[in-house]
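Here's the structure, in structure tokens; my notes come after.
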Amino acid sequence: MPQTEDVVELILQDHRRMEDLFRLMRSVEADRAAALQEFAGLLVAHALAEEAKVYPALKRYKNIDDEEVEHGEHEHDEGNEALLALLEVEEVGSEEWDSKLEELVEAVTHHADEEERTILNGARENVAMDRREELGAAFLEERERQLKADCGSIDNVRRLVKS
Numbered sequence: 375m376p377q378t379e380d381v382v383e384l385i386l387q388d389h390r391r392m393e394d395l396f397r398l399m400r401s402v403e404a405d406r407a408a409a410l411q412e413f414a415g416l417l418v419a420h421a422l423a424e425e426a427k428v429y430p431a432l433k434r435y436k437n438i439d440d441e442e443v444e445h446g447e448h449e450h451d452e453g454n455e456a457l458l459a460l461l462e463v464e465e466v467g468s469e470e471w472d473s474k475l476e477e478l479v480e481a482v483t484h485h486a487d488e489e490e491r492t493i494l495n496g497a498r499e500n501v502a503m504d505r506r507e508e509l510g511a512a513f514l515e516e517r518e519r520q521l522k523a524d525c526g527s528i529d530n531v532r533r534l535v536k537s
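The numbers in the working numbering rise by one with no breaks, and the one at position 7 of the sequence shown is 381.
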């Protein structure tokens with residue numbers, strides 16, 4: 375995959391990776407626990423980086439709706455709650471696992487779809503490429519910082535959900 379700094383493309387790449395991880399978490403042939411761990415880190419780091427580095431900058435552009443950005447942040451909270459519910463399931467592959475996984479898939483897929491249609495399309499149309507690349511570099515740096523801090527650990531997800 376060509377390396378890009380465009381924040382829109384970076385966010386889309388993360389969304390596609392999350393979809394791949396959903397497929398692995400559904401597959402009886404995959405290491406579903408490992409897929410969940412990768413997913414947890416990616417989801418949390420991605421959301422925190424968007425909220426810290428991308429959303430505040432995009433709010434400054436007309437034609438990018440503040441309400442959509444705030445709605446995106448609310449949906450991050452819902453995704454974290456669904457993630458925590460799955461992380462707390464004791465038996466990977468149980469009926470409870472499958473049920474909580476589908477709730478997580480629904481929450482994250484809904485958010486990614488809305489974000490792609492509203493916020494990211496608005497950014498493509500209204501934000502110059504050099505600014506999108508600056509935002510992309512900041513997004514990647516923050517996302518990497520969060521991943522190194524084990525942001526997807528069950529304890530950290532609990533803290534996020536309670537805050």
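In this text, a Cβ means the ideal position worked out from N, Cα and C, and glycines have one as well.
Please read these numbers as outputs of a predicted model, since none were measured by experiment.
In this structure Q387 is not in contact with G526, their Cβ atoms being roughly 18 Å apart against a cut-off of 8 Å. Secondary structure of S473 (DSSP, three-state): helix. Taken in chain order, the whole alpha helix (DSSP H) runs of length 4 or more contained in the segment 407-493 are 429-432, 440-461 and 469-489. In the pairwise beta carbon analysis, the segment 423-438 is classified as not touching the segment 451-463: fewer than three pairs are separated by under 8 Å. Within a 10 Å sphere around the beta-carbon of M503 sit fewer than 16 other beta-carbons, which makes this residue exposed. Only residues of its own chain outside the window of five on either side were considered, and among them M503, R506, E507 and G510 have a CB closer than 8 Å to the CB of D380, listed in chain order. With contacts defined as CB atoms closer than 8 Å, V382 and A497 qualify as a contacting pair. A497: member of the alpha helix (DSSP H) spanning N495 to N500, first to last residue.
Going by beta carbons, A486 and E452 fall outside the 8 Å limit. Ranked by how close their Cα comes to the Cα of E476, the residues Q377, I385, T378 and E393 have E393 in first place. Our two residues, E449 and V531, have alpha carbons roughly 15 Å apart in a direct line.
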